[in-house]
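Q:
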Amino acid sequence: MNLTEIKHMIANLVNYRDSDITHTFANRFTLSYSNQLNSFQICDIENDIIHRYKEPETTALALFNMIHNLPKIMYRHTNSFEQV
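Basically the numbering used here = 1-based index in the sequence shown + 1.
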């Protein structure tokens with residue numbers, strides 16, 4: 002998944018912020034928007050860590066780095082990053 006695709010997904014989260022939308026990547030990370038906290042949330046499912054970001058650009062760069070720094074074995078195993 003490239004940075005432009007991630008930015009598009011983040012823009013959709015903002016447009017539908019009154020809905021509960023969560024995207025999952027490589028069965029490892031989730032991306033959502035919290036109206037209550039007024040921030041984007043990236044959850045590292047494996048390590049049970051939640052990262053919060055206010056700015057869409059910062060969120061996109063952080064998520065891009067997270068999914069592209071996964072071990073190569075995991076990337077080959079999933080063959081692609083799925084959106085659920």
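Glycine included, C-beta positions come from ideal geometry on N, C-alpha and C. In this text, all values refer to a predicted model and were calculated from it rather than measured experimentally.
According to DSSP, is Ile68 helix, strand or coil?
A: helix
Q: Could you give the first and the last residue of the continuous beta strand (DSSP E) run that contains Asn7?
A: Inspection of the sequence shows that residue 7 is occupied by Ile rather than by Asn. Counting along the chain, Ile7 falls outside any beta strand (DSSP E), though it belongs to the alpha helix (DSSP H) covering Leu4 to Asn16.
Q: The beta strand (DSSP E) with Leu32 in it runs from where to where?
A: For Leu32, the enclosing beta strand (DSSP E) starts and ends at Phe30 to Ser35.
Q: Of all the options His69, Glu6 and Phe30, which has the alpha carbon lying nearest to the alpha carbon of Ile46?
A: Per the Cα distances, Phe30.
Q: Please report the residue range of the beta strand (DSSP E) in which Ile43 lies.
A: Ser40 to Asp45
Q: Counting along the chain, where does the beta strand (DSSP E) carrying Ile50 start and finish?
A: Taken as a continuous stretch (DSSP letters only), the beta strand (DSSP E) holding Ile50 covers Ile50 to Tyr54.
Q: Pull up the DSSP beta-bridge partners for Thr23, would you.
A: Ser33
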